[in-house]
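See structure below.
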Amino acid sequence: MKTPTNSRMVISFMGNLPTQTADRRRNGRGRLFVVSAPSGAGKSTLLERVRELFPEMLYSVSCTTRAPRTGEIDGVHYHFVSEAEFRRMIQEGRFLEWKEVHGNLYGTPAGPIEEAIASGRSIILDIDVEGAKEVFARMPSAVGIFINAPNLEVLEERLRRRGTDSEDAIRLRMRNAAIEMQSARLFQHRIVNADLVAAVDQLAGIIRQESEISL
Ligand code: ADP
Ligand code: 5GP
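Residue numbers (the numbering used here): 135 to 349.
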């Protein structure tokens, strides 16, 4: 079960932006990291660890029409909105990208991304593969990171052990996983999350390495 301390904890873009982040020292611009994974691969677990390692990093809070899971907080893990509200936001052009994922609508609010980048801070998007493709097309300097489980059996076992999804939802997520894995090659970086500590090290290494690259 996801807890309020998971990867979607965050962000106030308006207040108290530190002026001495690593990004500012480097070149005054933040990097946009796009992390995707089949559901159950361990993306939330990895991002939660990365949050501890990179406290200056921002995390995009998506809008979704999905119902909150136990422990999820509106405005922290997601902005939980009605379908009517979501559709109004589409009409108003408020999303960098939006997609239907596993039967629900999810969208990345554009404003906070623009503010983060302009203020020299890096930001991580945790979005699905189709959304990631759209971000890569619109923002070619985005850094794509694909996280996978060692194989489909392990993925299914993790989804069941997590205990947050119905049997129908697990079946849908497994069907989608096979499709999502075919897009892994579109991401510059790929991590197989077998051993958690090794996977966290790898992800942290990628963030450090990419943060040193000037845009
Ligand atoms: P996602 O966010 O990709 O859907 P989660 O982070 O919720 O996936 O992880 C799914 C389940 O697998 C959780 O119960 C988590 O504790 C577990 N898990 C994550 N990484 C590993 C790992 N390397 N080894 C074993 N279990 C893991
Ligand atoms: P969950 O319902 O398990 O939180 O998320 C389901 C999937 O939706 C995950 O793959 C997650 O990365 C993706 N997702 C979350 N927010 C967004 C978003 O704003 N846009 C897109 N395209 N996918 C998202």
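Virtual Cβ for every residue (Gly too), placed ideally from N, Cα, C.
Leaving out the 5 sequence neighbours to the left and right, which residues in its chain are closer than 7 Å to residue i when beta-carbon positions are compared?
{"i": "Asp299", "result": "Leu293, Arg307"}
{"i": "Gln322", "result": "Val277, Gly278"}
{"i": "Lys233", "result": "Tyr240, Asp262, Glu264, Gly265"}
{"i": "Ser229", "result": "It should be noted that the sequence gives Phe, not Ser, for residue 229. Met223, Gly241, Thr242, Pro243, Ala244, listed in sequence order."}
{"i": "Phe188", "result": "Ile341"}
Helix, strand or coil: which one does DSSP assign to residue i?
{"i": "Glu231", "result": "strand"}
{"i": "Thr179", "result": "helix"}
{"i": "Ser345", "result": "helix"}
{"i": "Ile251", "result": "helix"}
{"i": "Ile325", "result": "strand"}
{"i": "Pro246", "result": "helix"}
{"i": "Phe214", "result": "strand"}
{"i": "Phe270", "result": "helix"}
{"i": "Ile261", "result": "coil"}
{"i": "Val331", "result": "helix"}
{"i": "Gly241", "result": "strand"}
{"i": "Val168", "result": "strand"}
Leaving out five residues on either side along the sequence, give the residues of the same chain with a beta carbon under 8 Å from the beta carbon of residue i.
{"i": "Ala201", "result": "Phe214"}
{"i": "Glu290", "result": "Gly174, Ile304, Met308"}
{"i": "Arg272", "result": "Leu230, Glu231"}
{"i": "Asp208", "result": "Pro202, Phe214"}
Got a sec? Which residues, its chain only, sit under 6 Å from residue i by beta carbon, not counting five neighbours each side?
{"i": "Arg324", "result": "Phe280, Ala318"}
{"i": "Glu314", "result": "Pro172, Val263"}
Would you check if there are 3 or more beta carbon pairs closer than 8 Å linking the stretch 195–203 to the stretch 318–338? Segments in contact, no.
For the stretch 270–310, list the beta strand (DSSP E) runs that are entirely contained and at least 3 residues long, ordered along the chain. The stretch 270–310 contains these whole beta strand (DSSP E) runs: 277–282.
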